[in-house]
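Heads up: the sequence shown is residues 908 to 1493, going by our numbering.
Glycine included, each C-beta is placed from N, C-alpha and C at the ideal position.
Worksheet: one structure, shown below.
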Amino acid sequence: MYRTHTCGELRLSEVGQSVTLSGWVHKRRDFGGLSFIDLRDRYGITQLAFNEGIDPEMLSKARLQNREFVIQAVGIVVEREKKNTVLDTGEIEISITSLKTLSESKIPPFTIEENTDGGEELRMKYRYLDLRRKRVRDKLLLRNKISMSVRTYLNSNGFADIETPYLIKSTPEGARDFVVPSRVNSGQFYALPQSPQTFKQLLMIGGLDRYYQIVRCFRDEDLRADRQPEFTQIDCEMSFVEQNDILEIFEGLLRHVIRDVHSQELGEIPRMTYDMAMKLYGNDKPDIRFDMTFIEMNSLVKGSNFTVFENAELIVGIKVKGCANYSRKELDILTNFVKRPQLGMSGLIWMKVDDNGTPNSSVNKFFNEDSMKNWMTAFDATKNDLILILAGEKNKTRKALSDLRMHLAEKLKLRNPFEFAPLWIIDFPLLDWDDESKRWVAMHHPFTSPKPQDLSIINEDPGSVRANAYDLVLNGNEIGGGSIRIHEREMQAKMFDLLGFTKEEANEQFGFLMSAFEFGAPPHGGIAFGFDRLVALMGGDEVIRDYIAFPKNNSARDVMIDAPSKISNSQLNDLSIHISNNDVTN
Ligand code: ASP
């Protein structure tokens, strides 16, 4: 038997017992005639004591055990003289009677401790060593806990876990596909699924009624910080449901997970239309943990000599509570923030309310005190409040003010990661105009149904048609999104037509789904959650990479196994792929 207990288990109640522990040497401390080893495993750290009076042979053996050696130790649990209050096992130590080296270790490339000296790249290369650190390991264990919690909830609500294929057909909609060449069907390719979307709809047509899967999805997108080419979704679909049924079931899921993981009870989860979110937050995934909602000022300020306002499509501001003491320099920094090329605003206008409640602004020349008092009323601003105003083209101005709002929230520490403030965004537009390809693209995906009451304008004003689509937003992050689907062939064909598919293209790519709609398709809808992001947010983080056991780096590489990599000419030949200059020796 390698062990009777784990390294996180023993307490005063076990004093006097003979135990066997196995684990890694975390640290060794030697003094004249005695030594201590901190032994680590997944569960914790226990101190092994080679005390004074110990057999000298045993002592010298202990001193051969270096960091990260795997050892097995037998001894008696004793109460420590000097207790360690940080360690769970800090009241006891093991007085060792026998010791065995199970496996030696080279000196690790970085110290395996909470505060490591290892840089990101090095820790990725030796990910299996990084996983030995508690804070890294805890993230994976949290992931497991959430996955169990999700499964319990969904199973108890009648959802069946059903697998869908990974080798599927490539379709151009959405992101780029990862493709896999077929050897037996020479010159042909599978694609890895961007999501199981069409399969889960086919499961509904197959009568499976409530499906879920915690499933890997693959998207070959341009590299961005914190994007993984393979990521995990909690993918769900239900039959015979309306939007409200889905919102209720899945806010139940979030409630259940937050209760399991943080013992917190969520209050009512607000629902807000996409239009309202854009108007109030300039963003379809607003962080509602803090206020600073947008106040539109067009009707308050139009008609002055101030050309910036006169020429602007939208003039909009936020109130920063109690920040009228911001210095010129601080305001300059905020001005530069909105002038960065990414946001491209021409400037930032401010108004401060002083100690006596008198307003003062960067546009005093154009607006008298009475006008500014009207602004104060609109913003409900009082003593010491600061109002920041942007003006320009509507969408650009909203985006810039939204970024400024988030920047200020960060600066003012209003984003407590363990305060959970979800909301639903509903009534998304069905379509989005893509300026590059000069055509409509589906805002969610082409299987999303339009709102029946908007169908009458679908031909003359497709951009104004709203969809039965919804997102679940948590603390400024989209954690889930879905829709009620189209389940009629004709409507699906109409949708492909709007998206610029010819009849042949639509049939070629999605004929299987449209045919299935002709054999009794139940009304259905669903949602998918970004599992990695959900787990990261539950862990109080926004970086998903740490919550994945073996993630890719920012260049989509796995530096540990060195992938992607070239393959041999014989493998290429098998696949009938010819690459000039494939300098690989077979
Ligand atoms: N398949 C969709 C996605 O990956 C989610 C859904 O509509 O259920 O975004």
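The segment 1252-1259 and the segment 1327-1343 do not touch, with fewer than three beta-carbon pairs separated by less than 8 angstroms. Judged by DSSP in its simplified three-state form, Pro1458 adopts coil rather than helix or strand. Using a C-beta cut-off of 8 angstroms, the segment 1043-1062 makes no contact with the segment 1100-1116, since fewer than three inter-stretch Cβ pairs fall below that distance. In terms of CA proximity to Ala1443, Asp1453 leads the group Ala1435, Ile1434, Asp1453, Phe1436. When beta bridges are read from the DSSP output, Leu928 appears opposite Ala980. Listed in chain order, the non-local C-beta contacts of Val1270 below 7 angstroms within the same chain comprise Phe1213, Ile1256, local neighbours out to five positions each way being set aside.
Counted as a single uninterrupted DSSP element, the alpha helix (DSSP H) harbouring Lys1052 occupies residues 1041-1063. Contact between Pro1016 and Arg974 fails: their C-beta atoms lie close to 12 angstroms from each other, not under 8 angstroms. The segment 1325-1332 makes contact with the segment 1154-1170; the number of CB pairs closer than 8 angstroms reaches 3 or more.
By the CB criterion at 7 angstroms, Ser1077 and Val1086 fall inside the cutoff.
Put simply, the segment 1220-1240 touches the segment 1285-1299. At least three CB pairs are less than 8 angstroms apart.
About 7 angstroms separates the Cβ atoms of Leu1379 and Leu1161, confirming a contact at the 8 angstroms cut-off. Excluding the 5 residues flanking it on each side, Gly1447 has same chain C-beta neighbours closer than 7 angstroms at Pro1324, Phe1325, in chain order. DSSP, reduced to helix, strand and coil, places Asn1267 within a strand of the structure shown. In the three-state scheme derived from DSSP, where H, G and I count as helix and E and B as strand, Gln954 is classed as strand. As the crow flies, the alpha-carbon of Glu1128 is around 21 angstroms from that of Lys1345. Distance between Ile1451 and Arg1040, taken at the CA atoms: about 17 angstroms.
In the three-state reduction of the DSSP assignment, Ile1112 falls in the helix class.
The nearest non-hydrogen atom of the ligand ASP is 6 angstroms or more from the C-beta of Ser1146. In the DSSP assignment, Met1145 falls within the unbroken beta strand (DSSP E) covering 1137-1146. Here Ser1356 is near Arg1392, since their CB atoms are less than 7 angstroms apart.
With a beta-carbon spacing of about 5 angstroms, Phe976 and Ser1012 fall inside the 8 angstroms limit used to define contacts. Going by C-alpha positions, Met1031 is about 14 angstroms away from Asp1133. Beta-bridge partners assigned by DSSP to Arg1178: Trp1331. Annotation: the continuous beta strand (DSSP E) that includes Gln1120 extends over 1117-1125.
By the Cβ-count criterion, Glu1144 is buried, with 16 or more other Cβ atoms from all chains shown falling within 10 Å of its own Cβ. Around the beta carbon of Pro1177, a 10 Å sphere encloses fewer than 16 other beta carbons of the protein chains shown; the residue is thus reported as exposed.
When DSSP assignments are scanned along the segment 1262-1326, the uninterrupted stretches of beta strand (DSSP E) that are 3 or more residues long and fall wholly within it turn out to be 1266-1268, 1293-1299. Using a cutoff of 6 angstroms, the CB of Gln1135 does not count as near the ligand ASP, since none of the ligand's heavy atoms is closer than that.
In the DSSP annotation of this structure, the continuous segment of the alpha helix (DSSP H) that includes Tyr1035 starts and ends at 1034-1037. Ile983 places its beta carbon less than 7 angstroms from that of Ser1002. A residue is called buried when at least 16 other Cβ atoms come within 10 angstroms of its Cβ; His1352 meets this threshold and is buried. Closest by C-alpha distance to Met1185, out of Gly1113, Lys1306, Arg1166, is Lys1306.
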